[in-house]
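Okay, so the sequence shown: first residue is 4 according to the working numbering, each after it adds one. Okay, so here's the structure we're looking at.
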Amino acid sequence: MTYSILVIEDNPDVMHVVQHELENAGFIAHTADTGAGGLSQARELNPDLVILDLGLPDFDGAEVARQLRRSTNVPIIILTALDAIERKVELFGFGANDYITKPFNTADLIARVNAQLHQANINDLLAIGELCVTLPARQATYAGQNLALEDREFDLLTLLVRQPGRIFTPEQLLETLWEGQVDQKANLDACLESLRGKLRGAGAQDVIRTVRGMGYAFRPPVQENALATIQPR
Numbered sequence: 004m005t006y007s008i009l010v011i012e013d014n015p016d017v018m019h020v021v022q023h024e025l026e027n028a029g030f031i032a033h034t035a036d037t038g039a040g041g042l043s044q045a046r047e048l049n050p051d052l053v054i055l056d057l058g059l060p061d062f063d064g065a066e067v068a069r070q071l072r073r074s075t076n077v078p079i080i081i082l083t084a085l086d087a088i089e090r091k092v093e094l095f096g097f098g099a100n101d102y103i104t105k106p107f108n109t110a111d112l113i114a115r116v117n118a119q120l121h122q123a124n125i126n127d128l129l130a131i132g133e134l135c136v137t138l139p140a141r142q143a144t145y146a147g148q149n150l151a152l153e154d155r156e157f158d159l160l161t162l163l164v165r166q167p168g169r170i171f172t173p174e175q176l177l178e179t180l181w182e183g184q185v186d187q188k189a190n191l192d193a194c195l196e197s198l199r200g201k202l203r204g205a206g207a208q209d210v211i212r213t214v215r216g217m218g219y220a221f222r223p224p225v226q227e228n229a230l231a232t233i234q235p236r
């Protein structure tokens, strides 16, 4: 399989070097020199990985990463000239999978690309009991039955399934799925009810549980006593 890599970098010298090294390593390299161009190409090309510079002329790279993360699970490697530990920690908060500090060794960059692609292949399928979530196809099935989820239902299920048992507050779900718009609480409630209904229709009972006064959690259907303190809605 030949992987497609999107490089979003406004420095032509850096872009040329990265593109050259990626192609030498057997990848297909696409490039964009603005945040807007990068987001447009990401939608059009659906790359396997994005290499993203923070210092773009039109958008802060952090905002580009946030926008990418709202619609895709594509691995993101950040190129940054900043070496402050606080900034590095922040990179993971807006959706980066890894970072590399300029100036960098190209062999190190290629190694990080390979590592992220390997991890992405491992994580393409989330399977718990009879529930299977296929990330690239954005499809979820239970006992072989397609749940036919809407986009936000799929994103909500994926978020919960990735961390079984973790309690997500409504505010955390709104921040992730509705960009922090608190006035979307009614839409969150409707999304939860619709998702629960589709799961129940396929035979998965009470797998999304309400923790009163706290939030919501996914309980694997094969672990009936996994979350003893959580009560059904």
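Ideal Cβ positions, reconstructed from N, Cα and C, are used throughout, including at glycine.
State the beta-bridge partners of residue i as determined by DSSP.
i: C135; result: A130, T144
i: L9; result: H33, V53
i: I103; result: L82
i: F171; result: Y219
i: N149; result: T144
Look at the Cβ atom of residue i, then the Cβ atom of residue j, and state whether they are nearer than 8 Å.
i: L191; j: P167; result: no
i: A68; j: I54; result: no
i: L112; j: V21; result: yes
i: I3; j: D51; result: Given a span of 4 to 236 for the chain in the structure shown, any question on residue 3 remains unanswerable.
i: Y145; j: L134; result: yes
i: I256; j: L163; result: Nothing can be reported for residue 256: it is not among the residues displayed for the chain, which extend from 4 to 236.
i: L71; j: G98; result: yes
i: L195; j: L160; result: no
i: A140; j: L152; result: no
i: T83; j: K105; result: yes
i: G29; j: L59; result: no
i: A220; j: V214; result: yes
i: L150; j: K201; result: yes
i: A32; j: L42; result: no
If we ignore side chains and look at the alpha-carbon of each, how far apart do residue i and residue j end up?
i: D36; j: L120; result: 23 Å
i: V17; j: G40; result: 17 Å
i: D63; j: T137; result: 31 Å
i: V225; j: I81; result: Bear in mind that a pLDDT of 49 at V225, under 50, signals an unreliable position, so the number given afterwards is only what the model happens to contain. Rounded to the nearest angstrom, the two C-alpha atoms are 38 Å apart.
i: L177; j: N27; result: 42 Å
i: G218; j: V185; result: 15 Å
i: E12; j: R73; result: 21 Å
i: R222; j: D209; result: 8 Å
i: A114; j: L85; result: 21 Å
i: V92; j: Q148; result: 40 Å
i: T109; j: I103; result: 10 Å
i: G183; j: D158; result: 15 Å
i: N49; j: T5; result: 13 Å
i: F107; j: I170; result: 39 Å
i: A193; j: L180; result: 13 Å
i: L94; j: A65; result: 7 Å
i: R203; j: E47; result: 35 Å
i: A118; j: R165; result: 20 Å
At a cut-off of 7 Å, is residue i close to the ligand NAP when judged by its beta-carbon and the heavy atoms of the ligand?
i: A189; result: Among the ligands in the structure shown, none appear at all, so the ligand NAP cannot be discussed.
Between residue i and chain B, is any beta-carbon pair separated by less than 8 Å?
i: G96; result: Protein chains in the displayed structure number just one, and chain B is not present.
Ordered list of alpha helix (DSSP H) runs contained in the segment 43–91, each at least 4 residues: 64–74
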